[in-house]
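First up is the structure itself, then whatever we jot down about it.
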């Protein structure tokens, strides 16, 4: 997989061999916000987790940087997350979408993580450059449904546990690993759409990483 590493005013492209994809779920730092996210998923029939956070695995071939994805049926949706990418020379952060089949999620969360692509941005920041002001970073997403674009999610990364805590909870993140780190509650509830846009903003350094993709729905004929 090809990434562009943005370091200060410089950039360089690297080819990364990704060996594992981890999807950390139920990662809310604030208990009330976590309960809100659990409640909105419960409204879709998703059982609450036994413990939090949970670490799901997805196969590495699910990881994509495409600008269009294909999914079966109309029951999937995206969710913006900050994404940790561990490379040979250190830890990096980007933005991604844990696109998930919500129907499958009601009976098996792990399987639902495997049903849809996991989208990650091409551009990454070195984690050391943002670690000192981490909680100032902001996540946003927009969804387009029936041609109408609206703000779907927005909030500080401080809503989720600190990346170092998530890595420690998983037992480490060796080079060649990618970890999705949890999401924010959706404005107006979870919904599908034909386009999903996402960004991670660093207001302290005046920069942002963004990515977007179209969703092509394939027929589900049983």
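In my numbering, the protein residues as written are 13 to 234. Note that beta-carbon positions come from the ideal geometry of N, C-alpha and C, so glycine has one too. Remember, predicted model here, so these are calculated numbers, not experimental data.
message: Assess contact between the region 117 to 129 and the region 155 to 174, defined as three or more Cβ pairs (one per stretch) separated by less than 8 Å. Is contact present?
response: No: the two stretches stay apart, fewer than three of their Cβ pairs being nearer than 8 Å.
- request: Quick one: give me the first and last residue of the alpha helix (DSSP H) that residue 114 is part of.
  value: Position 102 of the chain shown, counting from 1, holds the residue named residue 114. First-last of the alpha helix (DSSP H) with residue 114: 114 to 117.
Rounded Cβ spacing between residue 95 and residue 105 (contact assumed at less than 8 Å): For the purposes of this step, residue 95 is taken as residue 83 along the chain shown, with counting starting at 1. For the purposes of this step, residue 105 is taken as residue 93 along the chain shown, with counting starting at 1. That pair is a contact at about 7 Å.
message: Give me the residue from 186, 195, 181, 18 with the minimum Cα distance to residue 110.
response: Taking the chain shown and counting its residues from 1, the one referred to as residue 110 is at position 98. Answer by Cα proximity: 195.
- request: Within 10 angstroms of the Cβ of residue 65, are there 16 or more other Cβ atoms? Answer buried if so, exposed if not.
  value: For this step, residue 65 is matched to residue 53 along the chain shown. Sixteen is the threshold: when 16 or more other Cβ atoms of the shown chains lie within 10 Å of the Cβ of residue 65, as they do, the residue is buried.
field: Nearest-angstrom Cβ-Cβ length linking residue 217 and residue 136, presumed shorter than 8 Å
entry: Start at 1 with the first residue of the chain shown, and residue 217 comes out as number 205. Start at 1 with the first residue of the chain shown, and residue 136 comes out as number 124. Taking the Cβ atoms as the reference, residue 217 lies roughly 14 Å from residue 136, outside the contact range of under 8 Å.
query: Closest to residue 32 by CA distance: which of 63, 50, 15, 73 is it?
result: Within the chain shown, numbered from 1, the residue matching residue 32 stands at position 20. Minimum Cα distance to residue 32 is reached at 73.
query: What's the gap between the Cα of residue 210 and the Cα of residue 192?
result: The count along the chain shown starts at 1 and reaches residue 210 at position 198. The count along the chain shown starts at 1 and reaches residue 192 at position 180. The straight-line gap from Cα to Cα measures roughly 14 Å.
task: Please go through the region 133 to 218 and give each complete alpha helix (DSSP H) segment of 4 or more residues, from N-terminal end onward.
output: Entirely contained in the region 133 to 218, the alpha helix (DSSP H) runs reaching 4 residues are, in chain order, 139 to 142, 175 to 182.
field: Contact between the region 196 to 207 and the region 153 to 164 (3+ Cβ pairs under 8 Å)
entry: Taking a cut-off of 8 Å on C-beta distances, the region 196 to 207 touches the region 153 to 164, as three or more cross pairs fall below it.
- request: Grab the span of the beta strand (DSSP E) containing residue 109 for me, first residue to last.
  value: Taking the chain shown and counting its residues from 1, the one referred to as residue 109 is at position 97. Residues 102 to 110.
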